[in-house]
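Below is one structure, written out as structure tokens; comments come after it.
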Amino acid sequence: MYVQERACEIFGFHQYVPARDKLRTIAETGMHNGKLAAKRALEKIRAKTKERKV
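Going by the UniProt record's numbering, the first residue of the sequence shown is number 1, and it counts up by one from there.
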């Protein structure tokens, strides 16, 4: 589903931390495009949180 994929991309681009739980759900149960986009978005959010800790 391309809408799901695009939404995940936007969350990842803005590194929107409150969306992590929804992104995890999509990464497990979403459509193929959505799963991959959610995983990429989660990686970007993790990178942001790691930068803040350093």
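We put the beta carbon where it would ideally sit given N, CA and C, even for glycine.
Computed from a prediction, not measured in an experiment: that's the story for all the values here.
Task: Range of the contiguous alpha helix (DSSP H) that encloses Q4 - done: 2-14
TODO: Determine the DSSP secondary structure at G30, reduced to helix, strand or coil.
DONE: coil
Open item on the list: If you measure between the beta carbons of A38 and Q15, is that distance less than 9 Å?
Closed with: no
TODO: Take G30 and list the residues in its own chain whose beta-carbon comes closer than 7 Å to its own, dropping the five residues that flank it on each side.
DONE: Q4, A38
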